[in-house]
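Student:
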Amino acid sequence: MTAIFDSPAETLGEHIGRLAAIEGEADTVQAWQPMLIPGLLQSYAYACAAIHATAPALPLEVVSERAEARRHRIDRLGRPGARSVAVIVDESALYRPVGGYAALADQLEHLLALEALQPSLSVRVLPQGIEAHPGLAGAFTLYRAAGQRAVFVESLTSSEITTRPDDVAAYSSTWDRLRGLALSPQESVELIDGTRETLCRRLQKSR
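First residue of the sequence shown? That's 1 in full-length UniProt numbering, and the numbers climb one at a time after it.
(1) Hey, how far is the Cα of Val-168 from the Cα of Val-151?
(2) Using the three-state DSSP reduction, which class does Ala-114 fall into: helix, strand or coil?
(3) Compare the beta carbon distance of Ala-145 and Glu-25 with 7 Å and say whether it is the shorter of the two.
(4) If you draw a straight line from the alpha carbon of Tyr-143 to that of Arg-201, how long is it in whole angstroms?
(5) Out of Glu-68, Ser-122 and Ser-159, state which residue places its alpha-carbon closest to the alpha-carbon of Tyr-46.
(6) In angstroms with no decimal places, state the Cα-to-Cα distance between His-133 and Leu-191.
(7) Can you check which of these residues, Gln-42, Val-63 and Gly-99, is closest to Arg-71 by C-alpha distance?
(8) Quick one: what's Glu-160 bridged to in DSSP?
(9) What is the DSSP secondary structure of Gln-107, reduced to helix, strand or coil?
(10) Please specify which runs of the alpha helix (DSSP H), each continuous and at least 4 residues long, are wholly inside the segment 48-94, giving them in chain order.
(11) Considering Cα atoms alone, identify which of Gln-30, Gly-17, Leu-58 and Ala-20 is closest to Ser-120.
(12) Determine, using beta-carbon pairs with one atom in the segment 177-187 and one in the segment 109-127, whether at least three such pairs fall under 8 Å.
(13) Identify, in the order they occur along the chain, each residue of the same chain with its Cβ nearer than 8 Å to the Cβ of Ala-53, setting aside the five sequence neighbours on each side.
(14) Have a look at Ser-188, Ala-50, Arg-73 and Gly-129 and flag the residue whose alpha-carbon is nearest the alpha-carbon of Gly-17.
(15) Check the C-beta distance from Ile-37 over to Val-85 and give it rounded, since I have them as a contact under 8 Å.
(16) Taking just the CA atoms, how far does Arg-196 sit from Val-189?
(17) On the DSSP bridge list, what partners appear for Leu-36?
(18) Within 10 angstroms of its Cβ, does Glu-187 collect 16 or more other Cβ (buried), or is it exposed?
(19) Across which residues does DSSP place Thr-141 in a beta bridge pair?
(20) Classify Arg-196 as helix, strand or coil using the three-state DSSP reduction.
And the structure:
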């Protein structure tokens, strides 16, 4: 496990491979996403739209390949074992029509299905209207494997996997703060389902 955490990544392919290896070995995954449904929970259509929006220069076949890869990440994480996957998403992401409103409705249904079928998965929503919090600085994912911790942070032009203790401590503290502010798992599921139902009714009326 040490080699996976510490190996440098010189190219984008190596970086993605290193992240996949860490994710595959992790026994705990904690992801915060303030803008979108997190990548490991994205449906294919939603993922295609999200990837294309943030990297419009990518060829469509590459977008499709990356979206397909995202769709299978939760399957690997959800295999039997002591694995725990916890996700907190900002409520605003439930309303953002990435790929259009039909794609968003399918994404919310996909999210609910994953939460119901994956015992190791916990999805919680950070409600709108709460106080300022450190998660406003941006999305991140914490990984723990064999007693080691790593943080993945991504921006528009770069991404970083760090194991520096100060970084891990800062993001762990932020995670604890977000968890304290988020709705309970049951309340979160009810909000997601209610949003999906409202959206489906709106789509039916527009036909």
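C-beta atoms are modelled at their ideal positions from N, C-alpha and C, and glycine is treated no differently.
Since this is a predicted model, take the numbers as computed values, not measurements.
Tutor: With the given structure in hand:
(1) For the purposes of this step, residue 168 is identified with residue 168 of the sequence shown, where counting begins at 1. For the purposes of this step, residue 151 is identified with residue 151 of the sequence shown, where counting begins at 1. So the two alpha carbons sit approximately 6 Å from each other.
(2) Within the sequence shown, residue 114 is the residue found at index 114, counting from 1. For the record, residue 114 in the displayed sequence is Leu; it is not Ala. Helix at Leu-114.
(3) One-based indexing of the sequence shown puts residue 145 at position 145. One-based indexing of the sequence shown puts residue 25 at position 25. Result yes, Cβ atoms of Ala-145 and Glu-25 sit closer than 7 Å.
(4) Here residue 143 corresponds to residue number 143 of the sequence shown, with the count starting at 1. Here residue 201 corresponds to residue number 201 of the sequence shown, with the count starting at 1. Spanning the two alpha carbons is a distance of roughly 38 Å.
(5) In the sequence shown, residue 46 corresponds to position 46, counting from 1. Answer by Cα proximity: Glu-68.
(6) Here residue 133 corresponds to residue number 133 of the sequence shown, with the count starting at 1. Here residue 191 corresponds to residue number 191 of the sequence shown, with the count starting at 1. In a straight line, the C-alpha of His-133 is about 21 Å away from that of Leu-191.
(7) As a first step, residue 71 is located in the sequence shown; it is residue number 71 there, counting from the start. Among Gln-42, Val-63 and Gly-99, the Cα nearest to that of Arg-71 belongs to Gln-42.
(8) Translated into the one-based positions of the sequence shown, residue 160 becomes position 160. DSSP output for Glu-160 lists Val-153 as bridge partner(s).
(9) Stepping through the sequence shown from its first residue, residue 107 is reached at position 107. Correct three-state label for Gln-107: helix.
(10) 60-77
(11) Residue 120 sits at position 120 when you count from the first residue of the sequence shown. Nearest option by C-alpha distance: Gln-30.
(12) yes
(13) Taking the sequence shown and counting its residues from 1, one reaches residue 53 at position 53. Result list for Ala-53: Val-98, in chain order.
(14) In the sequence shown, residue 17 corresponds to position 17, counting from 1. Here the closest residue by C-alpha is Arg-73.
(15) Position 37 of the sequence shown, counted from the start, is the residue given in the question as residue 37. Position 85 of the sequence shown, counted from the start, is the residue given in the question as residue 85. Actually they are not in contact, since the Cβ atoms of Ile-37 and Val-85 sit about 14 Å apart, beyond 8 Å.
(16) In the sequence shown, residue 189 corresponds to position 189, counting from 1. In the sequence shown, residue 196 corresponds to position 196, counting from 1. Roughly 10 Å separates the two Cα atoms.
(17) The sequence position of residue 36 within the sequence shown is 36, counting from 1. According to DSSP, Leu-36 bridges with nothing at all.
(18) Along the sequence shown, one-based indexing puts residue 187 at 187. Classification for Glu-187: exposed.
(19) For the purposes of this step, residue 141 is identified with residue 141 of the sequence shown, where counting begins at 1. Thr-141 pairs with Ala-31 and Phe-152.
(20) In the sequence shown, residue 196 corresponds to position 196, counting from 1. It is helical.
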